[in-house]
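K.L.:
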Amino acid sequence: MKILHIPVLCDEIIENLYIHNKTTNIIDCTLGEGGMSEEILSTIEDVYIFGIDKDSSILNIAKERLRKYKNIDLINENYINLSKNKKINKDIHNIIFDLGLSNYHLRNSNKGFSFDSNNILDMRFDESENLTAHQIINQYNKKELLTIFKEYADFPINSNTNKFIEHIFQKRPIDTCENLKKICLNFYRNLPYNKAIQNITRIFQAIRIEVNNEFENIKNGLENAFNVIEPKGRILAITYHSGEDKIVKNIFREYKSNNNIEKKFKLINKKVIKPTFEEQKTNSSSRSAKLRIIERVI
Ligand SMILES: C[S@@+](CC[C@H](N)C(=O)[O-])C[C@H]1O[C@@H](n2cnc3c(N)ncnc32)[C@H](O)[C@@H]1O
3 MKILHIPVLC DEIIENLYIH NKTTNIIDCT LGEGGMSEEI LSTIEDVYIF GIDKDSSILN
63 IAKERLRKYK NIDLINENYI NLSKNKKINK DIHNIIFDLG LSNYHLRNSN KGFSFDSNNI
123 LDMRFDESEN LTAHQIINQY NKKELLTIFK EYADFPINSN TNKFIEHIFQ KRPIDTCENL
183 KKICLNFYRN LPYNKAIQNI TRIFQAIRIE VNNEFENIKN GLENAFNVIE PKGRILAITY
243 HSGEDKIVKN IFREYKSNNN IEKKFKLINK KVIKPTFEEQ KTNSSSRSAK LRIIERVI
């Protein structure tokens with residue numbers, strides 16, 4: 003079993019968990035290879051984790067990695083269903099979202115996430131879902147492509163973005179990740195290479211968000227988390243780009259200032275928590291990470 007993902011902001015998550023005086027029950031909504039959960043299991047004495055991931059292949063890795071622990075339940079599910087899942091049958095004291103994708107997806111799967119792979123464009127975390135990156139690139143109309151590049155990758159609506167989309171249209175059909183990367187590099191050939199790669203990273207990010215309906219999932223997942231979290235319990239969310247962070251920030255603010263007299267929430271950190279320079283140096287995937295935490299007061 004080869005582990006590819008180094009968990010991000012692990013110490014900061016553990017320091018900020020609400021520790022219950024009996025067993026501390028946690029939902030790890032994005033278990034991945036299980037790195038974050040393993041740290042929690044080995045650090046906190048009396049803890050129980052429900053580890054969710056919608057990708058069954060990564061869950062198998064977590065299963066093997068965590069097999070010595072009896073106090074974790076692995077659940078192959080979309081986290082938007084966390085409040086409906088019958089397996090989650092305990093009071094919940096902490097809910098963790100570590101958003102985005104794992105290095106496992108980039109480096110070691112045939113799922114077509116990485117522009118350095120020669121796989122067919124795919125990008126589905128859950129292979130039972132229908133929409134693939136291949137369909138988006140080859141079947142979306144110009145307006146639909148413009149919308150996802152604007153909404154999910156902050157591309158401006160201008161003539162250059164329109165020309166880029168026209169370029170994609172002319173090159174269709176586009177089958178593999180590598181092929182799409184080459185077509186993009188050709189379009190951005192007058193830019194410095196690292197600038198072109200930054201644009202390509204954002205293009206792949208936008209397609210991935212669309213394939214997996216990520217922004218809607220974050221909203222629904224957080225709404226569900228607010229429904230199930232116990233008093234004094236905490237919701238902890240790590241984001242990796244501005245689109246994700248904006249959603250978390252807005253929903254946390256909304257709950258902080260709501261007028262529901264039965265449930266009150268307060269922000270634990272007014273400013274986002276970022277990885278230390280040390281962590282950023284040793285784990286480059288952590289560089290853009292931001293952690294926000296909210297607590298249910300009553
Ligand atoms: C950044 S990785 C998590 C890494 C993990 N914390 C670790 O330490 O290894 C994000 C994970 O969330 C999963 N995921 C993405 N969207 C999901 C959803 N809607 N429901 C459940 N899992 C999801 C992905 O399959 C991926 O494994």
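Remember, the working numbering sits 2 above the position in the sequence shown when you count from 1.
Beta carbons: idealized from backbone N, C-alpha and C, even for Gly.
1. Could you tell me whether any non-hydrogen atom of ligand 1 is closer than 7 Å to the CB of M125?
2. Starting from the C-beta of K4, find all residues in its chain whose C-beta is less than 8 Å away, skip the five residues before and the five after it, and write them out in chain order.
3. In angstroms with no decimal places, state the Cα-to-Cα distance between G37 and D57.
4. Given I296, which residues of its chain have a CB within under 8 Å of its CB, disregarding the five upstream and five downstream residues?
5. Pick helix, strand or coil for K268, following the three-state DSSP scheme.
6. Could you tell me the alpha carbon to alpha carbon distance between D30 and Y242, rounded to whole angstroms?
7. Below 7 Å, is the gap between the Cβ of L3 and the nearest heavy atom of ligand 1?
8. Do you know whose CA, among S59, N192, L11 and I77, lies nearest E129's CA?
9. Check E47 in the structure and name its three-state DSSP category.
10. Would you say the beta carbon of H243 comes nearer than 7 Å to a heavy atom of ligand 1?
11. Verify the contact flag: G36, CB atom, against every heavy atom of ligand 3, threshold strictly below 7 Å.
12. With 16 as the cutoff for other CB atoms within 10 Å, does Q200 come out buried or exposed?
13. Name the one or two DSSP bridge partners that F206 has.
14. At the level of alpha carbons, what is the spacing between N78 and I54?
15. Using beta-carbon positions only, say whether L68 and E47 come within less than 8 Å of one another.
16. Relative to ligand 1, is the shortest distance from any of its heavy atoms to the C-beta of P277 smaller than 7 Å?
17. For H95, which of helix, strand or coil comes out of DSSP?
18. Between I97 and A227, is the Cβ-Cβ spacing less than 8 Å?
19. Taking only heavy atoms of ligand 1 into account, decide whether any of them is closer than 7 Å to the Cβ of N60.
20. Mind the definition here: the segment 10-17 touches the segment 269-287 only if three or more C-beta pairs lie below 8 Å; say whether that holds.
P.N.:
Straight from the coordinates:
1. Taking the first residue of the sequence shown as 1, we reach residue 125 at position 123. No, since every heavy atom of ligand 1 falls outside the 7 Å radius drawn around the Cβ of M125.
2. As a working mapping, residue 4 is identified with position 2 in the sequence shown. Excluding sequence neighbours, K4 sits near N110.
3. For this step, residue 37 is matched to residue 35 along the sequence shown. For this step, residue 57 is matched to residue 55 along the sequence shown. Each residue's alpha carbon lies about 15 Å from the other.
4. Along the sequence shown, read from residue 1 onward, the residue named residue 296 stands at position 294. Same-chain partners within the cutoff: R236, I237, F254, Y257, K258, F267, K268, L269 and I270.
5. Sequence index remark: in the sequence shown, residue 268 carries index 266 (1-based). Note: K268 maps to strand in three-state DSSP.
6. By 1-based counting over the sequence shown, the position of residue 30 is 28. By 1-based counting over the sequence shown, the position of residue 242 is 240. So the alpha carbons of these two residues sit roughly 17 Å apart.
7. Taking the sequence shown and counting its residues from 1, the one referred to as residue 3 is at position 1. According to the sequence shown, residue 3 is Met rather than Leu. Answer for M3: no, Cβ out of range of ligand 1.
8. As a first step, residue 129 must be located in the sequence shown, where it is residue number 127. In this structure, S59 is the residue among S59, N192, L11 and I77 with its C-alpha nearest to the C-alpha of E129.
9. Sequence index remark: in the sequence shown, residue 47 carries index 45 (1-based). It is coil, neither helix nor strand.
10. Within the sequence shown, the letter at position 241 stands for residue 243. Not so, every heavy atom of ligand 1 lies at least 7 Å from the Cβ.
11. In terms of ligand content, the structure shown lacks ligand 3 and carries ligand 1 instead.
12. Reading the sequence shown from its first residue, position 198 is the one you call residue 200. Counting Cβ neighbours within 10 Å, Q200 comes out exposed, since fewer than 16 surround it.
13. Taking the first residue of the sequence shown as 1, we reach residue 206 at position 204. DSSP output for F206 lists no bridge partner at all.
14. As a working mapping, residue 78 is identified with position 76 in the sequence shown. As a working mapping, residue 54 is identified with position 52 in the sequence shown. When rounded, the distance between both Cα atoms is 6 Å.
15. By one-based count along the sequence shown, residue 68 stands at place 66. By one-based count along the sequence shown, residue 47 stands at place 45. No; because the gap between Cβ atoms is not below 8 Å, this pair is not in contact.
16. Within the sequence shown, the letter at position 275 stands for residue 277. No - ligand 1 has no heavy atom lying nearer than 7 Å to the Cβ of P277.
17. Looking up residue 95 in the sequence shown gives position 93. Residue state, collapsed to three classes: strand.
18. Residue numbering aside, residue 97 sits at position 95 when the sequence shown is read from its first letter. Residue numbering aside, residue 227 sits at position 225 when the sequence shown is read from its first letter. It is a contact, given that the beta carbons lie within the stated cut-off.
19. Sequence index remark: in the sequence shown, residue 60 carries index 58 (1-based). A small correction: the amino acid at residue 60 is Ile; Asn does not occupy that position in the sequence shown. I60: yes, Cβ under 7 Å from ligand 1.
20. yes
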